[in-house]
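K.L.:
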Amino acid sequence: MEKQFYAVYLKPLRPDFAITMSDSERAVMMAHVQYWNEKMKEGKVYAFGPVMDPKAIYGLGIIAVVNEQELLDFIENDPAGKINRYEYYPMRAVVPELAPLK
300 MEKQFYAVYL KPLRPDFAIT MSDSERAVMM AHVQYWNEKM KEGKVYAFGP VMDPKAIYGL
360 GIIAVVNEQE LLDFIENDPA GKINRYEYYP MRAVVPELAP LK
């Protein structure tokens with residue numbers, strides 16, 4: 300099955316979120332990192348992390364899925380989606396040839 304790539308942005312609800320997050324928000328974000336690491340082990344995430352934009356820090360991930368619904372399920376189950384918002388866009392990614400998606 301052919302992979303579909305997306306650039307996925309995790310946008311905080313406030314511009315200073317990365318600096319001012321509460322302990323409970325930090326716990327959610329740590330669960331978010333664990334969640335994305337698991338997806339990376341499955342071969343669905345190629346890279347992810349915070350982008351240190353001086354205007355506002357946000358998250359960026361490069362994701363490979365079989366279809367947009369799989370991406371939507373991925374987003375829906377991410378703990379960070381409860382305290383942030385997502386944007387995503389199809390991407391014509393150039394990546395090394397890897398095993399097909401399962």
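Under my numbering, the first residue of the sequence shown carries the number 300, and numbering increases by one thereafter.
Ideal Cβ placement from N, Cα and C applies to all residues, glycine included.
(1) Taking ASN366 as the reference, which of TYR388, VAL327, PHE347, PHE316 has the closest Cα?
(2) Near LEU309, which residues of its chain fall below 7 Å by C-beta distance, leaving aside the five closest residues on each side in sequence?
(3) Rounded to whole angstroms, what is the Cα-Cα separation between GLU337 and ALA317?
(4) Looking only at its chain, what residues have a beta carbon closer than 7 Å to the beta carbon of TRP335, apart from the 5 residues adjacent to it on each side?
(5) Are the beta-carbon atoms belonging to TYR305 and LEU371 less than 8 Å from one another?
(6) From the DSSP output, in three-state form, read off ALA392 for me.
(7) Give me, in chain order, the residues of the same chain whose beta-carbon lies closer than 8 Å to that of VAL327; leave out the 5 immediate sequence neighbours on both sides.
(8) Output the residue ranges of the alpha helix (DSSP H) runs that lie fully inside the region 323-381 and measure 4 residues or longer, sorted by chain position.
(9) By the 10 Å Cβ neighbour count, where 16 or more other Cβ atoms means buried, how is VAL393 classified, buried or exposed?
P.N.:
In this structure, then:
(1) TYR388
(2) TYR357, GLY358, ALA379, ASN383, TYR385
(3) Rounded to the nearest angstrom, the two C-alpha atoms are 22 Å apart.
(4) VAL344, PHE347, GLY360, listed in sequence order.
(5) no
(6) Shown here, ALA392 sits in coil according to DSSP, grouped into three states, outside any helix or strand.
(7) PRO378, ALA379, LYS381, ILE382
(8) With a minimum length of 4 residues, the continuous alpha helix (DSSP H) runs that stay inside the region 323-381 are 367-375.
(9) With fewer than 16 other beta carbons inside 10 angstroms of its own, VAL393 counts as exposed.
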